[in-house]
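First the structure, in the form of C-alpha cells, and then the observations on it.
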Amino acid sequence: MSQIHPNKAAFIEGVDHVLKKWTALELAVQHEWGGRDSQEKRDDMVEEITGHFDNLVSKRQAPEETDLQELLLDIMDEDFSVTLEDGSEKEVARIICTIFQECKQGNFATVDKLAEERDARERQQSAGRTAVTQSQASGQHAESDSEDDGSNSDVSMNE
Numbered sequence: 001m002s003q004i005h006p007n008k009a010a011f012i013e014g015v016d017h018v019l020k021k022w023t024a025l026e027l028a029v030q031h032e033w034g035g036r037d038s039q040e041k042r043d044d045m046v047e048e049i050t051g052h053f054d055n056l057v058s059k060r061q062a063p064e065e066t067d068l069q070e071l072l073l074d075i076m077d078e079d080f081s082v083t084l085e086d087g088s089e090k091e092v093a094r095i096i097c098t099i100f101q102e103c104k105q106g107n108f109a110t111v112d113k114l115a116e117e118r119d120a121r122e123r124q125q126s127a128g129r130t131a132v133t134q135s136q137a138s139g140q141h142a143e144s145d146s147e148d149d150g151s152n153s154d155v156s157m158n159e
C-alpha cells in the first residue's frame, strides 16, 4: 500500500477544513437535509472534490474556479436538496483552488491556518461546555442551599 504524498494529504485536509467552515453545508448536515447519512455525504464531498483535482492533474489541466463552483452547486443540490442563492460556492471554490496551488508547491500555510482556527473553535466549544456544566452544577448547589434556607424559614415561621 502506497503512502499519500504530503502535498496531497495537506490538500485533502484543507478541503475538509473549508467544507466544515461552509455555513450552508454545515446547516445541511446538522439538519440532515441529505437524510440520515448527511455527515457521510459531506465526507464523500471531500473525496469528490479531491478526485476532481486528481483528474485535472492527470490530464495536466489547470483547475478552474467556475468548474469547481458548478461541482459544489451540483453536489449541494443532488445530495442535500439545497439550492444556493448566497453565492457562497464562489468563495469556497476560490479558497479550495488557492489551497490546491499552495499545496502543489509544498506551501501548507493556509491549511495550517485553517487547522489552527479549527483547534481554537474546538477549544472554545469545549470551554463553553465546561462552563455550562459548571454553571449547572453551581445552580444545583444553589437550589439545594435555597431549599435548606426555605425549610429553615418555614420552621422559624411556625414557632
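Counting from 1, one number per residue, gives the positions in the sequence shown under this note's numbering.
Beta carbons are placed, not taken as given, at the ideal position from N, Cα and C, and that holds for glycine.
All of these numbers come straight from a predicted model, not from anything done at the bench.
Residue i classed as buried or exposed, judged by whether at least 16 other C-beta atoms fall within 10 angstroms
i             : result
glutamine 69  : buried
glutamate 13  : buried
lysine 109    : It should be pointed out that residue 109 corresponds to alanine in this sequence rather than to lysine. The residue in question, alanine 109, is exposed, as its Cβ has fewer than 16 Cβ neighbours within 10 Å.
lysine 113    : exposed
isoleucine 4  : exposed
glutamate 89  : buried
glycine 34    : buried
aspartate 119 : exposed
histidine 31  : exposed
aspartate 77  : exposed
alanine 28    : buried
Simplified DSSP state of residue i, which is helix, strand or coil
i             : result
aspartate 37  : coil
histidine 17  : helix
glutamate 122 : helix
glutamate 26  : helix
Run of the alpha helix (DSSP H) containing residue i, from where it starts to where it stops
i            : result
isoleucine 4 : Here isoleucine 4 belongs to no alpha helix (DSSP H), and DSSP marks it neither H nor E.
Contact belief for residue i with residue j at Cβ below 8 Å, rounded distance in angstroms
i                : j           : result
isoleucine 99    : valine 111  : 6 Å
arginine 42      : leucine 73  : No, arginine 42 and leucine 73 are not in contact; Cβ-Cβ is about 15 Å, not under 8 Å.
aspartate 86     : alanine 24  : 7 Å
glutamate 65     : arginine 94 : 6 Å
proline 63       : leucine 56  : 5 Å
phenylalanine 11 : cysteine 97 : Going by Cβ atoms, the distance from phenylalanine 11 to cysteine 97 rounds to 11 Å, so no, they are not a contact pair.
aspartate 16     : valine 46   : 5 Å
Check: residue i C-beta below 8 Å from any heavy atom of the ligand GTP
i          : result
lysine 113 : As for the ligand GTP, it is missing from this structure, which has no ligand bound.
Every unbroken alpha helix (DSSP H) inside the region 45-119 [4 residues or more]: 65-80 and 88-104
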